[in-house]
Amino acid sequence: MLRRVLLYVCLTAAAVVVLFPFFWMVVTAFKQPGQAFTPEVFPSNPTLENFRRVLSDYGFAKYFLNSVFVATSAALFATLFATMAGYVFAKKQFVGRDKVFGILLLSLMIPGMMYVVPQFAIINRLGWMNTYKAMIVPHLANVFGLFLMRQYMMTIPSELLEAAKIDGAGEWQVFRTIMVPLSIPIIATLFLLTFQFHWNNFLWQLIVTNVERLYTVPVGLAMFKSAHEELYTLKMAGSCISVLPIAALFFFAQRYFIEGMTMGALKG
Amino acid sequence: MARLGKRSRERSGSSDVGPGANPGPRHASRLARETATSYAFLAPFLVVFAVFLAFPVFYSLYLALHQVPADSFDIFGGLEFVAFKNFAKLFTDTKFWWSVLMTLYYAALIVPSGIAVSLSLALLLNNRLRFVAAYRSAFFMPYVLDMLVVGIVWTLIYSPHVGVLTRIFESVGIGAFTERGLLGTLAYAMPAVVFANVLKGAGFGMILYLSAIQNISPALYEAAEIDGATPWQRFRSITLPLVKPITFFMVIVGTIGALNAFAEVYAMTSGGPNVDVGGRALGATWVTGYYVFDTFYTQFRLGYAAAMSYVLLGLTLIISLVNRRFLSAEV
Chain G
1 MLRRVLLYVC
11 LTAAAVVVLF
21 PFFWMVVTAF
31 KQPGQAFTPE
41 VFPSNPTLEN
51 FRRVLSDYGF
61 AKYFLNSVFV
71 ATSAALFATL
81 FATMAGYVFA
91 KKQFVGRDKV
101 FGILLLSLMI
111 PGMMYVVPQF
121 AIINRLGWMN
131 TYKAMIVPHL
141 ANVFGLFLMR
151 QYMMTIPSEL
161 LEAAKIDGAG
171 EWQVFRTIMV
181 PLSIPIIATL
191 FLLTFQFHWN
201 NFLWQLIVTN
211 VERLYTVPVG
221 LAMFKSAHEE
231 LYTLKMAGSC
241 ISVLPIAALF
251 FFAQRYFIEG
261 MTMGALKG
Chain U
269 MARLGKRSRE
279 RSGSSDVGPG
289 ANPGPRHASR
299 LARETATSYA
309 FLAPFLVVFA
319 VFLAFPVFYS
329 LYLALHQVPA
339 DSFDIFGGLE
349 FVAFKNFAKL
359 FTDTKFWWSV
369 LMTLYYAALI
379 VPSGIAVSLS
389 LALLLNNRLR
399 FVAAYRSAFF
409 MPYVLDMLVV
419 GIVWTLIYSP
429 HVGVLTRIFE
439 SVGIGAFTER
449 GLLGTLAYAM
459 PAVVFANVLK
469 GAGFGMILYL
479 SAIQNISPAL
489 YEAAEIDGAT
499 PWQRFRSITL
509 PLVKPITFFM
519 VIVGTIGALN
529 AFAEVYAMTS
539 GGPNVDVGGR
549 ALGATWVTGY
559 YVFDTFYTQF
569 RLGYAAAMSY
579 VLLGLTLIIS
589 LVNRRFLSAE
599 V
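Top line first, the protein sequences correspond to chains G and U. Positions 1 to 268 (the numbering used here) are the ones given, in order, by the first sequence. Positions 269 to 599 (the numbering used here) are the ones given, in order, by the second sequence.
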């Protein structure tokens, strides 16, 4: 009994420490503007003023829509491409298959920082600076996602595909009516993971945009960070807006997040 | 990641013998057809991969070997070939070697503390308790949230004079951080960045450890208990050795993560606070990832930044190889 109480105490203490920054972020966002550092834990007269100002006066409503657009379309295409590619690596015999797959996996060893400079130069050369496609297209080949897809699809019996082909289904039809429906869990997982990645892909979005109308929430927040050093209540409201969608997605689909993120490490 | 790549390649190699392994004219035409279809399906993925992931690796080397003028955006035209000048400059750049040192320091702090916290949380959760799922979600959630936001929130918490943690320290008689805050105090800036990051990332390692621990046969513990082993002895000689693969994985991923560290430094310290080393101002959190960003984004020295990222790649590969040695030797 004592042991159980002790365990609960430890777990609760750990949860309090781990979640404290987010608690503090929310509490501060509800304090009166400019009153970020009042020592009280719960604001004595909470206000939505910070949210109103950040959303309308500081353009976060627009940044939010930009983030939604960029993350959604990037997640959609990245997932589609990885699903198509995963299908052929899992189910087809073709010339050069293992070589191509090997090269793709080799790229996983390259640190992300490596790509920043040359990718920027390419985007610049293509004349894509300050466009949505610059934020989206470079990350549509998700090798890790492809790997997850392939692992999952290899467990789907090939007989199902053969049977459909005998019934006269074309390649695309087989993919769309058999492979995709049977892979929904992994497709959902990959969609969520790529959405999360693009929502948080701050460095790249900062690099390829320098006009305010294209800012995403994190970029807006970064600009805000240097411009309004003192206005912590506003910053915290902006931070809340930035993490809210991912926190909500995590709340409703945490199984997909946790499994997807740890699958590579556990089954690889 | 490196480990993951190697194994799966071996696996795909062994599954190569498929239904149509026997050669023949009919098979050949089938293979040709399958190959055409396959590449049609692969086309979008491969095009993006080629342009934005494969080509940049070589293009980066090209940039590293050229002088890229700071005022010109047309980086394809009129680049002056300077051979290894950028690399030579890098090897005499105090700021760069300092950044490598700070990166190693960062890794030396975050890897063991990350492992300790993850493993502790996993051990706590590995009990028959109610609400285990809720605790598990609470610990994991920060891992999916944005590092930039987490960093900004921590700068608020760490603020000098008025930050909540600074006040807590003060109330227990520790006034050392009052003037500059934890992030502004030389000796504590890096540990403070690491602390914020460990709390954010611990949930990931926790899940890995938890599933490894739950795979250990209860019979082992029962046998040890019968032999009179204390809980600590059981942990030392059963749990710890059996979760070793996860520990190695955490070391590799943590070290490579340190080489890529950027957002946390950007959000919290911008590489500072500065320390005077032999008459030069060097940042106490000036990690290599941040130096690459600074060189490229603030100073717009593309060639030099590219050379730097190549050295980063070299370090990453060395770490992967060393770790792989360890892995095959010890596991």
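For glycine and all other residues, C-beta sits at the position ideal for the given N, C-alpha and C. Quantities reported herein were computed from a predicted structural model and do not represent experimental measurements.
Residue-level contact to chain U via CB, residue i, 9 Å cutoff
i	result
isoleucine 207 of chain G	yes
glycine 236 of chain G	In the sequence as presented, glycine is not what sits at residue 236 of chain G; that position holds methionine. Interface residue, yes.
isoleucine 103 of chain G	yes
serine 54 of chain G	In the sequence on display, residue 54 of chain G carries valine and not serine. Output row for valine 54 of chain G: interface = no.
tyrosine 115 of chain G	yes
alanine 14 of chain G	yes
tryptophan 128 of chain G	no
arginine 213 of chain G	no
Closest Cα partner of residue i within the set the options
i	options	result
isoleucine 586 of chain U	U/Gly539, U/Ile524 and U/Ala535	U/Ile524
glutamate 212 of chain G	G/Asn66, G/Val116 and G/Phe144	G/Asn66
alanine 526 of chain U	U/Thr566, U/Gln501, U/Ile514 and U/Gly469	U/Gly469
methionine 135 of chain G	G/Met25, G/Leu203 and G/Asp98	G/Leu203
glycine 431 of chain U	G/Leu7, G/Phe20, G/Ser56 and G/Ala36	G/Ala36
glycine 382 of chain U	U/Thr537, U/Ala531, U/Gln335 and U/Ile514	U/Ile514
asparagine 201 of chain G	U/Val385, U/Val412, U/Met518 and U/Ala311	U/Val412
glycine 539 of chain U	U/Phe364, U/Ile442, U/Arg404 and U/Ala480	U/Phe364
leucine 331 of chain U	U/Gly582, U/Tyr572 and U/Asn591	U/Tyr572
leucine 347 of chain U	U/Ser577, U/Arg592 and U/Leu570	U/Leu570
valine 219 of chain G	U/Ser386, U/His429, U/Ser505 and U/Ile420	U/Ile420
is_contact[residue i, chain G] using C-beta, thresh 9 Å
i	result
serine 306 of chain U	yes
methionine 370 of chain U	no
serine 618 of chain U	A query on residue 618 of chain U cannot be resolved here, the shown segment of chain U reaching from 269 to 599 and no further.
alanine 606 of chain U	The question about residue 606 of chain U has no answer, for chain U in this structure spans 269 to 599.
glutamate 490 of chain U	no
threonine 584 of chain U	yes
aspartate 284 of chain U	Legend: pLDDT at aspartate 284 of chain U = 43, less than 50; position of this residue unreliable, value from coordinates given subsequently. Yes, because at least one Cβ of chain G sits closer than 9 Å to the Cβ of aspartate 284 of chain U.
glutamate 302 of chain U	yes
leucine 358 of chain U	no
leucine 510 of chain U	no
proline 541 of chain U	no
threonine 556 of chain U	yes
serine 588 of chain U	yes
methionine 458 of chain U	no
Close beta carbons around residue i, own chain, < 7 Å, minus the five adjacent residues each side
i	result
alanine 460 of chain U	Tyr426, Leu450 and Leu451
phenylalanine 437 of chain U	Phe445
phenylalanine 42 of chain G	Val27
glycine 557 of chain U	Leu527, Asn528, Ala529 and Phe530
isoleucine 246 of chain G	Gln196 and Trp199
valine 368 of chain U	Thr556
Where residue i falls, given that 16 or more other Cβ within 10 Å makes a residue buried
i	result
phenylalanine 352 of chain U	exposed
alanine 289 of chain U	Residue placement at alanine 289 of chain U is poorly supported in this model, since its pLDDT is 49, which falls under 50; the coordinates are not used for a value here.
valine 418 of chain U	buried
threonine 498 of chain U	exposed
threonine 423 of chain U	buried
glycine 168 of chain G	exposed
serine 158 of chain G	exposed
valine 17 of chain G	exposed
phenylalanine 594 of chain U	exposed
lysine 235 of chain G	buried
glutamate 493 of chain U	exposed
aspartate 562 of chain U	buried
Same chain only: Cβ atoms within 8 Å of residue i, ignoring 5 sequence neighbours per side
i	result
valine 9 of chain G	none
lysine 165 of chain G	Val174
isoleucine 378 of chain U	Val462, Asn465, Val466, Gly522, Gly525 and Ala526
Coarse secondary structure for residue i, derived from DSSP in three states
i	result
alanine 289 of chain U	Reliability fails at alanine 289 of chain U, whose pLDDT of 49 lies under 50, so the model's placement of it is uncertain and the value that follows must be treated cautiously. Note: alanine 289 of chain U maps to coil in three-state DSSP.
glutamine 501 of chain U	helix
glycine 557 of chain U	helix
histidine 198 of chain G	helix
phenylalanine 352 of chain U	coil
alanine 29 of chain G	helix
glutamine 35 of chain G	coil
aspartate 495 of chain U	coil
arginine 294 of chain U	helix
arginine 52 of chain G	helix
glycine 546 of chain U	coil
glutamine 335 of chain U	strand
tyrosine 8 of chain G	helix
glycine 260 of chain G	helix
glycine 170 of chain G	coil
Own chain partners of residue i with C-beta closer than 6 Å, once the 5 adjacent residues on each side are dropped
i	result
leucine 476 of chain U	Ile514
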